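FYI, our numbering numbers position 234 of the sequence shown as 228, with every residue one higher than the one before it. Below is one structure; the comments refer to it alone.
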Amino acid sequence: MGAYGLRGRTALVTGGSRGIGRAIARRLGRDGATVAVGYARDEAAADEVVAGIRADGGRAFALRAELGRHGDAAALWKAFDAGIGAHASDGGVDVIVNNAGIGRGSGLESLTEEEFDEVFAVNVRAPFFVVRHGLERLRDGGRIINISSGAARLAMPELIAYGATKGALDTFTLNLAKQLGPRGITVNSVAPGIVDTDVNAGWLRGNAEAEAYAASVAALGRVGQPEDIADIVAFLASDDARWVTGRVIDATGGAGL
Ligand SMILES: NC(=O)c1ccc[n+]([C@@H]2O[C@H](COP(=O)([O-])OP(=O)(O)OC[C@H]3O[C@@H](n4cnc5c(N)ncnc54)[C@H](OP(=O)(O)O)[C@@H]3O)[C@@H](O)[C@H]2O)c1
């Protein structure tokens, strides 16, 4: 793992308090960015991420913004403006990582209308409006990175609505890349497979059979770790990735090959 020079840049990571988002926030912080660590409820976890970035010599602040409700994105940016003020910044942002997301593990027969609305509100509507309201702050040459899922391309009927949210997010990536390209802004999706985070803890951690199954899904033969995803995001956030846009970067370790 190298270190990309993001000093002087600002990054927003939604869902930065735990799991994949935490690893992304830590990595971008190590690379020199000032990181806004978004979270919904777990303030202690967000504070821990901020403390970790500061201990590494970086700059960060926690940003409480529960997504999935009307007005969520406007509230998020209001909190961003308040937090970034203390960092002698002009209020701009260079990297937006739409990572916060929820899964709904029910299929066609059992998913309720309420669950359907909730998963689309958090996974699709929120990133859409986070970008819409963030555009005036996003500097030319910036980055938008949407955390998608292998479930958008691999059929998993028990995750049908969740997979559809990530398919929608990928289409959003495609169109935004076209629209924002003239400003030198790249927009990409990163699509993880099974990653060892809290969302999978219940069925995966400490269950040898489940771990063996999850490892067998990836050609590389192990369960994904949050850092596997964060390192790809760090590349996309860097100047080195300036010529990649509108793409879904597979981060499944080779699932479904
Ligand atoms: N884990 C996997 O196997 C996997 C695979 C493919 C794709 N993904 C995608 O990767 C992303 C991160 O997943 P993860 O496994 O790291 O999740 P996680 O461990 O459950 O962490 C979720 C993070 O998102 C935040 N969050 C959840 N609901 C939110 C809401 N309504 N508003 C604002 N923030 C919210 C949480 O904040 P609090 O700490 O405050 O709750 C937490 O920081 C998601 O988009 C997910 O779909 C995950």
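Note that the Cβ used here is the ideal one computed from N, Cα and C, for glycine as well. For clarity, every value in this text was computed on a predicted model and none was experimentally measured.
Measure from the alpha carbon of residue i to the alpha carbon of each residue in the options, then state which is nearest.
i, options, result
"G95", "L132, G248, V181, V7", "V7"
"Y(-2)", "G250, G248, G240, R236", "R236"
"L129", "L170, R16, R241", "L170"
"F114", "L61, L70, R131", "L61"
"G97", "A59, I141, V29, H81", "I141"
"E107", "A155, V31, N201", "A155"
Applying the criterion that 16 or more other CB atoms from any shown protein chain within 10 Å of the CB defines a buried residue, is residue i buried or exposed?
i, result
"P121", "buried"
"S232", "buried"
"L214", "exposed"
"G218", "buried"
"N201", "exposed"
Can you look up residue i in the DSSP assignment and give me helix, strand or coil?
i, result
"N92", "strand"
"A228", "helix"
"D233", "helix"
"L57", "strand"
"A149", "coil"
"G128", "helix"
"A249", "strand"
"T106", "coil"
"H81", "helix"
In the DSSP output, what is residue i paired with across the bridge?
i, result
"R199", "DSSP, once it has assigned bridges, lists no residue as partnering R199."
"L6", "A30, I90"
"L214", "The partner list for L214 (beta bridge, DSSP) is empty, contrary to what the question assumes."
"R190", "Note that residue 190 corresponds to Asp in the displayed sequence, not to Arg. Beta-bridge pairing links D190 to no other residue."
"V43", "Its beta-bridge partners do not exist; DSSP assigns none."
"R137", "V89, T180"
"I243", "V184"
If you measure from the CB of residue i, is any heavy atom of ligand 2 nearer than 7 Å?
i, result
"L61", "As for ligand 2, it is missing from this structure, which binds only ligand 1."
Task: Cβ pair count under 8 Å reaching 3, the segment 39 to 50 against the segment 96 to 108 - done: no
- [ ] Tell me, please, whether the segment 124 to 137 touches the segment 83 to 91 by the rule of three or more beta-carbon pairs shorter than 8 Å.
- [x] yes
Open item on the list: For the segment 5 to 23 against the segment 44 to 58, do three or more pairs of beta-carbon atoms, one drawn from each stretch, fall closer than 8 Å, so that the two count as touching?
Closed with: yes
Open item on the list: So, does the segment 204 to 222 touch the segment 168 to 182, judging by three or more C-beta pairs under 8 Å?
Closed with: no
Open item on the list: Does the contact criterion of 3 or more C-beta pairs under 8 Å hold for the segment 152 to 164 versus the segment 108 to 120?
Closed with: yes
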